[in-house]
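Colleague: My questions all concern the structure below.
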Amino acid sequence: MESLASPGNPGLCQHCAHGRTLVNKRGQHFQLCERAKRDPRYSPYPPLPVLACPGHEEPGQPE
Ligand code: SF4
119 MESLASPGNP GLCQHCAHGR TLVNKRGQHF QLCERAKRDP RYSPYPPLPV LACPGHEEPG
179 QPE
């Protein structure tokens, strides 16, 4: 599974309440899915771009 995200298009994760973009000291971008902390169906570092995801929620949308 691809774990490194390019700084390009992460897909749905970019505008998801559960997505977080991390940048390391070398400027590499990682897309973290925080749903993975409590739901094993999700990968903490999903293959990108994510084009469809049942867990996607807009920021500010109640779970
Ligand atoms: S729930 Fe889906 S869309 Fe949202 S951050 Fe996780 S993998 Fe990306």
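For reference, each letter of the sequence shown is one residue, going 119 to 181 in the working numbering. Built from N, CA and C at the ideal position, the CB exists for glycine as well. Source: prediction; values computed, not measured.
1) DSSP beta-bridge partners for proline 131?
2) So who's on the other strand from glutamine 149, going by DSSP bridges?
3) Out of Ala135, Glu176 and Pro165, point me to the one whose CA is closest to glutamate 152's CA.
4) Here's the rule: buried if 16 or more other CB atoms are within 10 angstroms of the residue's CB, otherwise exposed. What is glutamine 149?
Modeller: Short version:
1) Checking the sequence shown, residue 131 turns out to be cysteine, not proline. Residue pairing from DSSP leaves cysteine 131 without any beta-bridge partner.
2) Thr139
3) Residue Ala135 is the option with its Cα nearest to glutamate 152.
4) buried
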